[in-house]
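Protein chains in written order, with our numbering: chain F, 1 to 333; chain B, 1001 to 1308. Here a beta-carbon is modelled for each residue, glycine too, at the ideal position from N, C-alpha and C. Just so you know, these numbers come straight off a predicted model, no measurement behind them. Report on the following structure.
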């Protein structure tokens, strides 16, 4: 807002004149000390190295995936057989991944947003807020296999028998519900963190502007603050989704890790599937890799490729949300 | 935006040798200071032309009665009493940290959002103690515009619509809000510029337009008192001019209280000026008197630029 009389507000910025040095050319490293120059070189090299690694993974999986992936695999469930042609595809795993993703995010997103709003906008009593904060950090640090074990304990209790298969009073404790619930804990810290970041980036005077026209804290949060932090919430949700569809430990322990859906008999759709065991793409890749029971590396590559595509699609979705929000603009300071 | 294509409005320059301004200057009554250097303490306030005429009427709307505000043992405002009148513009001036913004914020109980702030004394709105009013209702009657333009991240229309929609009521239809939105934008002098862009994001407007949108938003609640906290400090001179003209026009409909760092601005648009220093109300008087013939030595020094 430092436009003077000569340049009216909102006019396009003048193109830089020839006397203005090009961006980045202002300072070369020629005059730096040797250690600084070595440091800079290491930064460059590491940056390039990680680009190369990411590219290598993507290209390798792309080549292998295109070579081995057949469209029929996406619609055929796995079946037993003696050759790769007889064992079908991984449609159950693909659908399973989507189911746990939906369940996980359906729990984690509202809970994460609620926790973040409480921490940033209310946060009283301060002691409780601090405890909540460290708890979330602790959950973020717990390995998912530990969460999985804990989940089996919880979901095997008779009180939660509804969420899985039970025979003669013994609760199986493994189902899409159980896995989805525990996976939501994996996504939760990411959603809380990025929602907090979004809320914190809104200047305080914007909140006050809403209070100053007689709006309550609740109305301000719902109509101003949450819409304004939508890009960060979306980022958190996408990162969380990525973690959910990428998790293997909880699937192996809490989803039963069957090769096909194992719906509970005598229960209506869709509860029969959700209460039953199943599999996901990560588990399929693990089983189909040379270490697993199936040992069909070609299908492992195909499934891994599909998994990679899903993650890339999530990244693209985050990008779109961010670009949309840039159209709305932001405050000047 | 046709605003950009039209020729810019004339800029009011500060003419020091302007005869009109010279007439307002008080007598160089300030005695020579200790070291005898008269030039360092010029007498009286010269510099600006008043753009506000004598008030047509004035109705007492708010009374600030011996108000003190402290933030955890630090006194920000110490026992200030002031009237706020409709039909007049009241300006609070003073150096940074003198408590003028705190005083302004206490008028619609925004100070309560700071947990450490403690207020004593009474503030009356139409003879009712504001602590007896529901804060949300009070803040609809006493609205506020901030230093930084802060439209909400939604369309121009929705920025006003957000204020108009009653708390807890069902979302009203856009059509039914239209007249009120247009009227608020019109009163803030923004309607002609944005009437074709009501669906555009408000944060894409220019800074001056954003600030006028914030004023429109504050007016949409149909307030009785409008508080302005340095509304022009983030704006260029042209936008400042537009907003000053707007403030002068608004004084008959709402009581206007404006905090400003800019003495010329206070002189141009205020009917009454209150000078605060370190939390104390040093002097309260009509603008011409306060700038022309200040009673207090500190006022004299401040308006002549000896400190600040």
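Chain-ordered chain F contacts of residue i [CB-CB under 7 angstroms]
i	result
residue 1163/B	213
residue 1204/B	329
residue 1221/B	213, 214
residue 1140/B	213, 214
Residue i - DSSP class collapsed to helix/strand/coil
i	result
residue 320/F	helix
residue 1031/B	Its pLDDT being 42, under 50, residue 1031/B is placed unreliably by the model, and the measurement read from it follows with that caveat. It is coil, neither helix nor strand.
residue 1144/B	strand
residue 150/F	helix
residue 1126/B	coil
residue 1275/B	strand
residue 296/F	coil
residue 272/F	helix
residue 1131/B	helix
residue 303/F	helix
residue 1285/B	strand
residue 310/F	helix
residue 1041/B	Note on residue 1041/B: pLDDT 34, under 50, position unreliable in the model; no value is reported.
residue 1201/B	strand
residue 78/F	strand
residue 1085/B	strand
residue 1075/B	strand
residue 1296/B	coil
residue 217/F	helix
residue 1318/B	No answer is possible for residue 1318/B: the residues shown for chain B start at 1001 and end at 1308.
residue 1113/B	helix
Contact under 8 angstroms by Cβ, residue i with residue j
i	j	result
residue 1177/B	residue 1164/B	yes
residue 250/F	residue 184/F	no
residue 1144/B	residue 1229/B	yes
residue 1147/B	residue 203/F	no
residue 258/F	residue 286/F	no
residue 1161/B	residue 1276/B	no
residue 1280/B	residue 1078/B	yes
residue 1198/B	residue 1151/B	no
residue 1130/B	residue 1087/B	no
residue 345/F	residue 200/F	This structure cannot speak to residue 345/F, because chain F is shown only from 1 to 333.
residue 1269/B	residue 1052/B	yes
residue 1259/B	residue 1225/B	no
residue 361/F	residue 291/F	A question about residue 361/F goes unanswered here, because the residues of chain F that appear run from 1 up to 333.
residue 1093/B	residue 1106/B	no
residue 190/F	residue 230/F	no
residue 182/F	residue 219/F	no
residue 1194/B	residue 1156/B	yes
residue 1136/B	residue 215/F	yes
residue 104/F	residue 180/F	yes
residue 213/F	residue 1140/B	yes
Partner residues on chain B for residue i, Cβ-Cβ distance less than 7 angstroms
i	result
residue 223/F	1162
residue 327/F	1201
Listed by chain order, chain F residues near residue i by CB distance under 8 angstroms
i	result
residue 1143/B	212, 213, 214
residue 1217/B	209, 213
residue 1262/B	Ordered by position in chain F, no residue passes the 8 angstroms Cβ test against residue 1262/B, which lies about 15 angstroms from the chain.
residue 1113/B	208, 211
residue 1173/B	Within 8 angstroms Cβ-Cβ: nothing; residue 1173/B doesn't reach chain F, min ~17 angstroms.
residue 1137/B	214
Within chain B, partners of residue i - CB distance below 8 angstroms
i	result
residue 205/F	1146, 1147, 1148, 1150
Neighbour list for residue i in chain B, Cβ cutoff strictly below 9 angstroms
i	result
residue 227/F	1152, 1153, 1154
Interface partners of residue i on chain F, CB under 9 angstroms
i	result
residue 1214/B	209
residue 1110/B	208, 211, 212
Minimum C-alpha distance to residue i - residue among the options
i	options	result
residue 1108/B	1142/B, 1133/B, 1080/B	1142/B
residue 255/F	273/F, 32/F, 323/F	273/F
residue 178/F	230/F, 101/F, 213/F, 112/F	101/F
residue 1303/B	1081/B, 1049/B, 1095/B, 1064/B	1095/B
residue 1064/B	1102/B, 1154/B, 1097/B	1102/B
residue 96/F	74/F, 111/F, 112/F	74/F
residue 1216/B	1233/B, 1296/B, 1246/B, 1297/B	1246/B
Residue i at chain C interface by Cβ criterion, 8 angstroms
i	result
residue 1073/B	Here chain C cannot be found, since the structure's protein chains are F and B.
query = Does the region 1202-1222 of chain B touch the region 1236-1248 of chain B, meaning 3 or more C-beta pairs lie closer than 8 angstroms?
reply = yes
ask   = Is the number of C-beta pairs between the region 1180-1195 of chain B and the region 228-237 of chain F that are closer than 8 angstroms three or more?
value = no
key: Stretch pair the region 289-305 of chain F + the region 261-268 of chain F: three plus CB contacts closer than 8 angstroms   = no
message = Below 8 angstroms, how does it come out for the region 1114-1126 of chain B and the region 1063-1072 of chain B: are there three or more Cβ pairs, yes or no?
response = yes
ask   = Would the region 193-200 of chain F and the region 155-168 of chain F be scored as touching if the rule is three or more Cβ pairs under 8 angstroms?
value = no
key: Inter-stretch contact (C-beta, 8 angstroms, three-pair minimum) for the region 266-281 of chain F and the region 205-213 of chain F   = no
ask   = Between the region 62-72 of chain F and the region 129-145 of chain F, do three or more beta carbon pairs fall short of 8 angstroms?
value = no
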